[in-house]
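Step one of this worksheet: look at the structure below.
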Amino acid sequence: MRNYLLDTHTLLWFLNGDIQLSKLAKENIESSRSKKHISIISLWEIAIKLSLNKMSMQVSLTDLKNEIINNGFKLLPIEFNHLTTLLALENHHKDPFDRLIIVQAITEELTLISKYQNFVLYKNLNLTW
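Numbering (my numbering), first residue to last: 14 to 142.
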């Protein structure tokens, strides 16, 4: 069983059937041998961007959460140990949402599905696309 954490764009592209999602990412997400996680940080990021009119969606945030659960994803909360790991994380990237998602993937030993190949700079991060 492989354990994955989807980056925010990966989640949105998967749910919308976006062609930008790589074939391997789609296969990993759809595999019955994969356990898929969505960080609550992704929902937080989406909510902030919606409130600032930096993005729009056809469904409500509540409907998105229900769609996540109905697709068999497990919601991953922010835990205190994620925050302590964040303090020691290398500073290769400034985006706070990405940094927290990276920390969760490292701490929970999940493979992060993200198109951002510069994330390979982070030690102990398993990354796929």
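Where is the CB? At the ideal position from N, CA and C, for every residue including glycine. The structure presented is a predicted model; accordingly, all values stated were derived computationally and were not measured.
key: Buried or exposed by the 16-neighbour rule on C-beta atoms within 10 Å, applied to L24   = By 1-based counting over the sequence shown, the position of residue 24 is 11. Looking at its Cβ environment, which holds 16 or more other Cβ atoms inside 10 Å, L24 is buried.
query = Would you report the Cα separation of L3 and H105, rounded to the nearest angstrom?
reply = With the chain covering 14 to 142 only, the question about residue 3 has no answer from this structure.
task = Just tell me which of D76, I82, I42 has its CA closest to the CA of L20.
result = The count along the sequence shown starts at 1 and reaches residue 20 at position 7. What sits at residue 20 in the sequence shown is Asp, not Leu. When only C-alpha atoms are compared, the closest one is I42.
request  = Check whether the Cβ atoms of V116 and L99 lie closer than 9 angstroms to each other.
outcome  = On the sequence shown, position 103 is the one that residue 116 refers to. On the sequence shown, position 86 is the one that residue 99 refers to. Yes, these two residues count as a Cβ contact at 9 angstroms.
query = Quick one: what's got a C-beta closer than 8 angstroms to S47's C-beta in the same chain, skipping five residues either side?
reply = Translated into positions along the sequence shown, residue 47 becomes position 34. If the five residues before and after S47 are omitted, its C-beta is found closer than 8 angstroms to the C-beta atoms of M14, R15, N16, Y17, N41, all from its own chain and listed in chain order.
query = Can you list, in chain order, the residues of its chain whose CB lies under 6 angstroms from that of T141, leaving out five sequence neighbours each side?
reply = As a position in the sequence shown, residue 141 is number 128, starting the count at 1. Taken in chain order, the residues that qualify are T124, I126.
inquiry  = Against chain D, with Cβ distances strictly below 9 angstroms, would K48 count as a contact?
reply    = In summary, chain D is missing from the structure at hand, where a single protein chain is found.
ask   = For R15, which beta-bridge partners are listed by DSSP?
value = The residue you call residue 15 lines up with position 2 of the sequence shown. R15 is bridged to S47.
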